[in-house]
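In my numbering, the protein residues as written are 5 to 58. Using N, Cα and C, we set each Cβ at its ideal position, and we do this for glycine too. Following: one structure in structure tokens, then a few remarks.
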């Protein structure tokens, strides 16, 4: 019994943590959308160049 209760509590804490991280990421994307877009564009550009010119 205690093991199952611990597992449920663990999953509950993990779900709250995941929801908090997702909401924090959404806030960051809303606040710094332009910076994040430029950052991801630079990463994809570097990745494409690395794939095209190994």
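Check, Outcome
"With H, G and I counted as helix, E and B as strand and the rest as coil, what does DSSP make of residue 36?", "coil"
"Nearest-angstrom Cα distance between residue 13 and residue 50?", "42 Å"
"Whole angstroms are fine: how far does the CA of residue 47 sit from the CA of residue 28?", "22 Å"
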